[in-house]
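In mature numbering (1 follows the signal peptide of the UniProt record, and there is no 0), the protein residues as written are -16 to -1, 1 to 443.
Using N, Cα and C, we set each Cβ at its ideal position, and we do this for glycine too.
All figures in this text were calculated on a predicted structure; none of them were measured in a lab.
As structure tokens, the structure follows; a few thoughts come after it.
Following this line, the structure appears as structure tokens:
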């Protein structure tokens, strides 16, 4: 809880920078749009909660708390007073469930409040873009209340909420990565048309080749380490199907008719999709409870390390959390990238904008600076005529991101199962692998939509 208060103080200081509806900026910061600053601020609250969750789930935290006299139930006490704090809830997967439950409630509440906000003239837009100190207090209040929720069926019910929300968020991640690849491809093509075309086309080719090389190298490693000649049939099917699907969408992206309808489509986007699909496939296989088909990277490293000499018998360790598997670390990195990109994105892709409920891209940092009479630089209100993104959908995405963080940090562990370490079960495998298939289908639709719906403008 000390870590929560410390990080809370940091957030409180940061929130003072944005105390009014027109978000104050320091003189050394570039002028920015209101819409961008607000998204960054909400994303900061999400990342702050993620940091607290990581601290709470670190192994050994409960043992350290029990050493504090008179604090935890079952711990040491200096006075003849019964310890009443349940440290089993303050740390471990239960604390992550409650922390992410609070963040999810906070963002879902804002998603409901901000439905159908059309411009900054709507009174609710002031709540979106200002009052940060009070919003922070509301979040802290929900977090404190969440830790008073009794165990009961809460953990099991909230686990299934996390599974469904994470499934949807993985698809949103793929859409954001497609948008990033599209923006990257378009930017380099424009530079190629302006000047040294050979250099920029060579750079595009190099990145595309690297993505495909990494993806197909991963496929080889999957067959070597995650399959057995007489076992792991599911893994063989997953790897083979996703390989075939990735080849199909790659061919589709360069078909003459697709290129004619969408000149900006190409192999760069397809290579990103292929690489991300391989990551999701690997992440799904590492959630398989069958250790014969799931030799985690950490276990392979531990097997190669020298075995310590035999010593006195040690007691069997208590159930522990092992969230720092390689796939969880990579998942957190991708999550951080997508969250930041969703906050500052300025896309020109009409189809992606429609899927993500945002308007056409604008310059992130305007040239003009809104400086008040007091000499303080303020964010530029660029939403008087209409919002540049759906407030409600943005908060719903952060709601899903909270659930995804919960499942990632707890390694998709199903509560109340008898494992020495927190290991996931087969539902997590099917959720991830099916989300990869749906993501590939969404990308394929973005390629085929202009050919199927000829009466609509997809320019």
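Whole-angstrom C-beta distance between residue j and residue i, which should lie under 8 Å
i: residue 269; j: residue 203; result: No, residue 269 and residue 203 are not in contact; Cβ-Cβ is about 12 Å, not under 8 Å.
i: residue 506; j: residue 175; result: No answer is possible for residue 506: the residues shown for the chain start at -16 and end at 443.
i: residue 78; j: residue 139; result: 6 Å
i: residue 379; j: residue 94; result: 4 Å
i: residue 228; j: residue 419; result: In fact, because the Cβ distance is near 18 Å, the residues do not count as touching under 8 Å.
i: residue 246; j: residue 434; result: 6 Å
i: residue 102; j: residue 371; result: 6 Å
i: residue 273; j: residue 410; result: 7 Å
i: residue 277; j: residue 215; result: 6 Å
i: residue 172; j: residue 189; result: Actually they are not in contact, since the Cβ atoms of residue 172 and residue 189 sit about 10 Å apart, beyond 8 Å.
Member of the options whose CA lies at the smallest distance from the CA of residue i
i: residue 150; options: 26, 415 and 192; result: 415
i: residue 156; options: 85, 417 and 323; result: 323
i: residue 428; options: 137, 253 and 206; result: 253
i: residue 392; options: 173, 438, 425 and 264; result: 264
i: residue 99; options: 26, 207 and 373; result: 373
i: residue 201; options: 238, 259, 147 and 243; result: 259
i: residue 221; options: 206, 235 and 232; result: 206
i: residue 226; options: 266, 314 and 239; result: 266
i: residue 199; options: 230, 440, 37 and 30; result: 230
i: residue 30; options: 387, 430, 432 and 399; result: 387
i: residue 430; options: 133, 142 and 250; result: 250
i: residue 20; options: 33, 375 and 96; result: 375
i: residue 244; options: 32, 438 and 314; result: 438
i: residue 145; options: 108, 164, 89 and 178; result: 89
i: residue 369; options: 106, 123, 92 and 124; result: 106
i: residue 35; options: 399, 320, 424 and 381; result: 320
i: residue 76; options: 126, 125 and 38; result: 38
i: residue 33; options: 104, 118 and 126; result: 126
i: residue 233; options: 137, 316 and 162; result: 162
i: residue 120; options: 108, 91 and 432; result: 91
i: residue 424; options: 313, 257 and 436; result: 257
i: residue 237; options: 137, 177, 219 and 166; result: 166
Contact set for residue i: own chain, Cβ-Cβ below 7 Å, skip 5 residues either direction
i: residue 279; result: 209
i: residue 318; result: 157
i: residue 80; result: 37, 40, 41, 390, 393 and 394
i: residue 381; result: 156 and 326
Which residues DSSP lists as bridging residue i, in chain order
i: residue 215; result: 212
i: residue 427; result: None, per the DSSP bridge assignment.
i: residue 196; result: Per DSSP, none; premise fails for residue 196.
i: residue 207; result: Note: residue 207 sits in no beta bridge, so no partner.
i: residue 325; result: In DSSP, residue 325 forms no bridge with anything.
Local conformation of residue i per DSSP, three classes
i: residue 438; result: coil
i: residue 133; result: coil
i: residue 277; result: coil
i: residue 307; result: The predicted model places residue 307 with a pLDDT of 48, which falls under 50 and marks its position as unreliable; any figure quoted below should be read in that light. Coil at residue 307, not helix or strand.
i: residue 447; result: In the structure as shown, the chain begins at -16 and stops at 443. Residue 447 is therefore absent and cannot be evaluated.
i: residue 76; result: coil
i: residue 451; result: The chain is shown from -16 up to 443; residue 451 falls before or after that span and cannot be answered.
i: residue 270; result: coil
i: residue 114; result: coil
i: residue 391; result: helix
i: residue 450; result: An answer regarding residue 450 cannot be provided, because it is not within the stretch -16 to 443 covered by the chain.
i: residue 98; result: coil
i: residue 240; result: helix
i: residue 179; result: coil
i: residue 158; result: helix
i: residue 298; result: Summary for residue 298: the model assigns pLDDT 43, below 50, so the residue's position carries little reliability; its value from the coordinates is reported in the next sentence. The answer is coil: DSSP assigns residue 298 none of H, G, I, E or B.
i: residue 384; result: helix
i: residue 188; result: helix
i: residue 42; result: coil
Close beta carbons around residue i, own chain, < 6 Å, minus the five adjacent residues each side
i: residue 130; result: 82, 85 and 86
i: residue 384; result: 149, 152 and 153
i: residue 255; result: 192, 195 and 196
i: residue 417; result: 222 and 268
i: residue 399; result: 139, 140 and 143
Contacting residues, own chain, Cβ-Cβ under 8 Å from residue i (five flanking each side not counted)
i: residue 422; result: 155
i: residue 212; result: 276 and 277
i: residue 112; result: 22, 94, 98, 101 and 375
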